[in-house]
Amino acid sequence: MANEMVRIAEVIVDVPANNTDRPFDYRIPPELQDDVQVGSRVLVPFGHRKVIGYCIGIKTASSSMRLKSIIDVMDMAPPLTPELVQLGQVMAEEYLCHTITALQSMVPAVLKGTYQKMVKLHPESREPLFSLLSDPEQQLYSLLEKRGECTWEEVNKIPGMSRSLLKKLIEEERILVEERIGDRVTKQKVTWVWAADADQLRSGLQTLSPRAVRQREILQYFLDHPGEVELSKLLTHIRTTRSTVKRLVEQGWLCWEEREQYRDPYGDRTFGKTEPLPLTKEQQRAFQAIVRPIHEKRAHTILLHGVTGSGKTEIYLQAIEEVLRQKREAIVLVPEISLTPQMVQRFKGRFGKQVAVLHSRLSNGERYDEWRKIRQGEVQIAIGARSAIFAPFQNLGLIIIDEEHETSYKQEENPKYHARDIAKWRAQAHGATLVLGSATPAVESYFKARTGEYEWIQLTERVHGRPFPEVQVVDMREELRKGNRSMFSQLLARSLKECIERGEQAVLFLNRRGFATFVMCRSCGETLICPHCDITLTYHQTNQTVRCHYCGYAERLPQTCPNCQSKHIRHFGTGTQRVEAELLRQFPDIKVIRMDVDTTSRKGAHERLLAQFRDGKAHVLLGTQMIAKGLDFPKVTLVGVIAADTMLHLPDFRAAERTFQLLMQVGGRAGRHEQPGKVIIQTYSPDHYSIHLAATYQTEMFYRQELLIRKRHVYPPFCSLFTIMISHVDRIHLMKYGQQMAQFIRNKAPADCHLLGPVPPPIAKLKDRYRLQMLIKCQTDPKVLVRLKHILHQIENMFDDRELVISMDREIMNFPVGYSDLLETSQSLI
DNA sequence: AGCACGCCGACT
DNA sequence: GTCGGCGTGCTC
Numbered sequence: 001m002a003n004e005m006v007r008i009a010e011v012i013v014d015v016p017a018n019n020t021d022r023p024f025d026y027r028i029p030p031e032l033q034d035d036v037q038v039g040s041r042v043l044v045p046f047g048h049r050k051v052i053g054y055c056i057g058i059k060t061a062s063s064s065m066r067l068k069s070i071i072d073v074m075d076m077a078p079p080l081t082p083e084l085v086q087l088g089q090v091m092a093e094e095y096l097c098h099t100i101t102a103l104q105s106m107v108p109a110v111l112k113g114t115y116q117k118m119v120k121l122h123p124e125s126r127e128p129l130f131s132l133l134s135d136p137e138q139q140l141y142s143l144l145e146k147r148g149e150c151t152w153e154e155v156n157k158i159p160g161m162s163r164s165l166l167k168k169l170i171e172e173e174r175i176l177v178e179e180r181i182g183d184r185v186t187k188q189k190v191t192w193v194w195a196a197d198a199d200q201l202r203s204g205l206q207t208l209s210p211r212a213v214r215q216r217e218i219l220q221y222f223l224d225h226p227g228e229v230e231l232s233k234l235l236t237h238i239r240t241t242r243s244t245v246k247r248l249v250e251q252g253w254l255c256w257e258e259r260e261q262y263r264d265p266y267g268d269r270t271f272g273k274t275e276p277l278p279l280t281k282e283q284q285r286a287f288q289a290i291v292r293p294i295h296e297k298r299a300h301t302i303l304l305h306g307v308t309g310s311g312k313t314e315i316y317l318q319a320i321e322e323v324l325r326q327k328r329e330a331i332v333l334v335p336e337i338s339l340t341p342q343m344v345q346r347f348k349g350r351f352g353k354q355v356a357v358l359h360s361r362l363s364n365g366e367r368y369d370e371w372r373k374i375r376q377g378e379v380q381i382a383i384g385a386r387s388a389i390f391a392p393f394q395n396l397g398l399i400i401i402d403e404e405h406e407t408s409y410k411q412e413e414n415p416k417y418h419a420r421d422i423a424k425w426r427a428q429a430h431g432a433t434l435v436l437g438s439a440t441p442a443v444e445s446y447f448k449a450r451t452g453e454y455e456w457i458q459l460t461e462r463v464h465g466r467p468f469p470e471v472q473v474v475d476m477r478e479e480l481r482k483g484n485r486s487m488f489s490q491l492l493a494r495s496l497k498e499c500i501e502r503g504e505q506a507v508l509f510l511n512r513r514g515f516a517t518f519v520m521c522r523s524c525g526e527t528l529i530c531p532h533c534d535i536t537l538t539y540h541q542t543n544q545t546v547r548c549h550y551c552g553y554a555e556r557l558p559q560t561c562p563n564c565q566s567k568h569i570r571h572f573g574t575g576t577q578r579v580e581a582e583l584l585r586q587f588p589d590i591k592v593i594r595m596d597v598d599t600t601s602r603k604g605a606h607e608r609l610l611a612q613f614r615d616g617k618a619h620v621l622l623g624t625q626m627i628a629k630g631l632d633f634p635k636v637t638l639v640g641v642i643a644a645d646t647m648l649h650l651p652d653f654r655a656a657e658r659t660f661q662l663l664m665q666v667g668g669r670a671g672r673h674e675q676p677g678k679v680i681i682q683t684y685s686p687d688h689y690s691i692h693l694a695a696t697y698q699t700e701m702f703y704r705q706e707l708l709i710r711k712r713h714v715y716p717p718f719c720s721l722f723t724i725m726i727s728h729v730d731r732i733h734l735m736k737y738g739q740q741m742a743q744f745i746r747n748k749a750p751a752d753c754h755l756l757g758p759v760p761p762p763i764a765k766l767k768d769r770y771r772l773q774m775l776i777k778c779q780t781d782p783k784v785l786v787r788l789k790h791i792l793h794q795i796e797n798m799f800d801d802r803e804l805v806i807s808m809d810r811e812i813m814n815f816p817v818g819y820s821d822l823l824e825t826s827q828s829l830i
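Pasting the structure below:
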């Protein structure tokens, strides 16, 4: 009886625009009653076209007068859970993006629709007398004669084709192009072979003609290896062909069958089963702390602050076992760069087929396979990079974010989310435990741990008791005074030589090839910084000025150092190629592997280069910080940081934090094995706290110092940040809009909101468009945030200029109130 | 975002 | 009259 009640679906349509960013109501036709659920992907008529949408709610009445009906449901089961649907709405609100954009970011690429407009001949237009037709008409007919239809673009290419002519001749249809989920994408057809009757195999061998060598071999194989085998495996074991096996099948000795199975990227690899390792006292303590909230099923965040080599992974593994025992699920986030086969192996080894792996090297189809294993409850553990945080589990018990300070957890495209925030929301919704693991946590996380918002657990001992490598800081100003103008200090050059002579390997770091260049005095090491923001000034070659990218302060490039009056003042920005050239000039006989954006852009190049280095094919590995993570080379005994300053002086309030983190990571790299390691840090600022405290392993001191500075200049965690980027082809217009926008925000924004800028960003002109950015620092208070977000929404419609593009971004550190309330209503729908 | 509709100036 | 350009407003 209840079925007779009208059911109406609220649908978010796949049209990312401001005025379509709201639910539209559709009738659920009787035949789709059972299929349309919260989270379903549906096809709906929208205006004059058909689009994909997501059902985000179901109700029995609508305020809208005439409703259209849902055309179809796209999937067997809804791709999104009610929880993820809610999360999508929260993301849209918090990250200032369209709801559909947030929802799309949670599903694999194969589920994203692309549309193509197709045209075919109007049914009423009968075959005409060809010769009487105009030129464009003739072309159109010949185009459509071959195939029944063609794309809109093709038709428009016909010269002289007019709109009204087309209308007469053509019928339009928008079609949805689904990525082909055929044999290759979802499932793979695999032939399995087995003996028809194992006991008869011997007699079979006798019956066969002695000349049928291959056939006998195959039967012998089944005698030796009872059971089923994949045909492809059989063919590699015994050098034979499909047709020979076929002959045996036809004679009735063997059976075979084609089966569909998931294509498993790690399928042909066998993972040695690993057993839980005994935990040290310290590890045991950490393990207990993680397991406690898991048992209590309460949302809880733990910062696992452990030095490199303190055995965090083993703790993760054992905590996951605990979660599985509760029949709950776990997500493990790892930075893309350390999602190496070794890492995967560790998890697959312990948990086997209960693990789905999601990383960027998977094809769309493979990714879809892994995702479906999660959605259908075939696996309980998802390990992957940033986007794995959306793994559609329904009963999460634990989320682990390893190396939680990594910048790769922040998505740079819309929606610009941070996986750490998403993790907090999801943990809250599921009553799950969130573990943030790092040797060098983000300053914000450390702050929260020390103020009691997170539980703080430290691991101070290395598992095998290996000592930390000795760190030496070389003052490059001193080198210059000694007349050494090369980029290698005497100490580094000598150490490198000795290292290579001993037959050991070295790793050299050059920090990120910054697009922003800064100005520094080579004599005293002072850099030019903004008097208002304490941020490094950026050098602009075009007009010989230095500028602050936060507040807009500018001055002419000074000829002499304002601090020591030296003339050795110049801008910096050394690339890896230059270091390589210099290295080969000083050491002509050595082999260097260079890893940077240029050498690793090709697919698989990254892994290949690392494997080469591991195999001892080169003496030196030279690269940007992409080589700093999760690498463990037995023969590396020397690690050199060419210029610690390049990162330190980036125009970013997190520059010191990044520098400290990198240097600490580097320390963990050298000498993890038998030989003792040595780290050499070259710098023009040996006294800078981030460098000095990293070199002396004074973690605690660093965070205190950094927090002091953040507090003084009001940066996170002592404020919330919004950035606004606007762009326009016309520079004058852009500047005018920027000024007006800034004025508007300054007038309307609540007190304690400070707008910095507008100011040209590091890349001031991109793709023929000028750009300006603004930064808003504001109090982290829900009321203030709501008001500010309201104002930010207003500015989107402030200017009537299609050329003006506005994009907004937010750094979130607190989860919004109300999410758990929303969730309660949604869960009653399950 | 698309797409229609409607207004306007320009053209065989 | 008809064609195409462009601004406006709507999509359950």
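In full-length UniProt numbering, the protein residues as written are 1 to 830.
Glycine included, C-beta positions come from ideal geometry on N, C-alpha and C.
Keep in mind the model is a prediction, meaning the values are calculated, not measured.
Review point. My guess is that Phe-287 and Gln-318 are in contact by the Cβ rule of under 8 Å, so how many angstroms apart are they, rounded?
Key: 6 Å
Practice item. Quick one: measure Cβ to Cβ for Pro-415 and Met-91, integer angstroms, because I've assumed they're closer than 8 Å. Key: 6 Å
Review point. Cα-Cα, which of Gly-623, Tyr-684, Leu-557 is closest to Arg-485?
Key: Tyr-684
Exercise for review: Can you say whether Pro-335 is buried or exposed, counting buried as having 16 or more other CB atoms within 10 angstroms of its CB?
Suggested key: The residue is buried, with at least 16 neighbouring Cβ atoms inside 10 Å.
Point to revise | Span of the alpha helix (DSSP H), counted from its first residue to its last, around Tyr-26 | key: Per DSSP, Tyr-26 belongs to no alpha helix (DSSP H); it is in the beta strand (DSSP E), 24-27.
Check your understanding: How should residue 871 be labelled, buried or exposed, when 16 other C-beta atoms within 10 angstroms of its C-beta is the threshold for buried?
Key -> Nothing can be reported for residue 871: it is not among the residues displayed for the chain, which extend from 1 to 830.
Check your understanding: Alpha carbon to alpha carbon, what distance is there between Ile-529 and Val-474?
Key -> 23 Å
Check your understanding: Would you report the Cα separation of Ile-158 and Gly-113, rounded to the nearest angstrom?
Key -> Their backbone Cα atoms lie some 28 Å apart in a straight line.
Review point. Taking just the CA atoms, how far does Leu-491 sit from Val-786?
Key: 56 Å
Review point. For the candidate residues Asp-402, Leu-755, Asp-34, whose alpha-carbon lies nearest to that of Glu-314?
Key: For Glu-314, the closest alpha carbon among the candidates Asp-402, Leu-755, Asp-34 is that of Asp-402.
Practice item. Counting only the same chain and skipping the five closest in sequence on each side, list residues whose C-beta sits under 8 Å from that of Gly-309. Key: Arg-462, Val-463, His-464, Arg-466, Gly-668, Arg-672
**Study point:** DSSP three-state assignment for Ser-495, whether helix, strand or coil
**Key:** helix
Review point. For Arg-184, which three-state DSSP category applies?
Key: Reliability of the predicted coordinates at Arg-184 is poor, the pLDDT of 36 falling under 50, and the value obtained from them is presented with this limitation in mind. Arg-184 falls in the coil class under three-state DSSP.
Practice item. Sort out for me which residues DSSP pairs Lys-68 with in a bridge. Key: Tyr-26
**Study point:** Residue span of the beta strand (DSSP E) that contains Thr-547, given as start and end
**Key:** Note that residue 547 is Arg in the sequence shown here, rather than Thr. Looking at the DSSP string, the run of the beta strand (DSSP E) that includes Arg-547 is 545-547.
Exercise for review: Leaving aside the five residues before and after Arg-298 along the sequence, list all residues of the same chain whose C-beta is less than 6 Å from its C-beta, in chain order.
Suggested key: Gly-431
Practice item. Quick one: using the 10 Å Cβ neighbour count with 16 as the cut-off for buried, is Val-213 buried or exposed? Key: exposed
Review point. Going by the CB atoms, is the gap between Ser-40 and Pro-78 shorter than 8 Å?
Key: yes
Exercise for review: Assign Glu-258 to buried or exposed, taking buried as 16 or more other Cβ atoms, counted over all protein chains shown, within 10 Å of its Cβ.
Suggested key: exposed
Exercise for review: Give the secondary structure of Ile-389 by DSSP, where H, G and I count as helix, E and B as strand, and everything else as coil.
Suggested key: helix
Practice item. Just the C-alpha distance for Gly-757 and Ile-12, rounded to the nearest angstrom, thanks. Key: 36 Å
Review point. So what does Leu-663 bridge to, in DSSP terms?
Key: DSSP, once it has assigned bridges, lists no residue as partnering Leu-663.
Practice item. Determine, using beta carbons only, whether Leu-693 and Phe-660 come nearer to each other than 8 Å. Key: Yes, the Cβ-Cβ distance between Leu-693 and Phe-660 is below 8 Å.
Check your understanding: Are the beta-carbon atoms belonging to Ala-382 and His-359 less than 8 Å from one another?
Key -> no
Check your understanding: Whole-angstrom Cβ separation of Leu-788 and Pro-750, contact assumed at under 8 Å?
Key -> 7 Å
Exercise for review: Name the residue from Glu-172, Asn-364, Ile-500 whose alpha carbon lies nearest to the alpha carbon of Lys-120.
Suggested key: Glu-172
Practice item. Pull up the distance between the alpha-carbon of Glu-149 and that of Val-44, whole angstroms please. Key: Taking the straight line from one Cα to the other gives about 23 Å.
**Study point:** Beta-carbon proximity check, Val-641 vs Phe-509, cutoff 8 Å
**Key:** yes
Check your understanding: I think Arg-810 touches Leu-96, with their Cβ atoms under 8 Å apart; what is that distance to the nearest whole Å?
Key -> 6 Å
Exercise for review: Provide the residue span of the beta strand (DSSP E) that contains Gln-773, from first to last.
Suggested key: 769-778
Review point. For Leu-231 versus Val-245, is the C-beta distance shorter than 8 Å?
Key: For the 8 Å CB-CB criterion, Leu-231 and Val-245 form a contact.
Exercise for review: Pull up the distance between the alpha-carbon of His-728 and that of Arg-769, whole angstroms please.
Suggested key: 5 Å
Review point. Looking at the structure shown, is Met-161 part of a helix, part of a strand, or coil, going by DSSP?
Key: coil
Exercise for review: Drop a sphere of 10 angstroms on the beta-carbon of Ala-655, count the other beta-carbons inside from all chains shown, and report buried for 16 or more, exposed for fewer.
Suggested key: buried
Check your understanding: In angstroms, rounded to a whole number, what distance separates the CA positions of Met-725 and Tyr-550?
Key -> 12 Å
Practice item. On a CA-only basis, which of Gln-428, Ala-449, Pro-441, Gln-37 is nearest residue 905? Give me that one, please. Key: The structure shown does not extend to residue 905, since the chain is modelled only from 1 to 830, so the question has no answer here.
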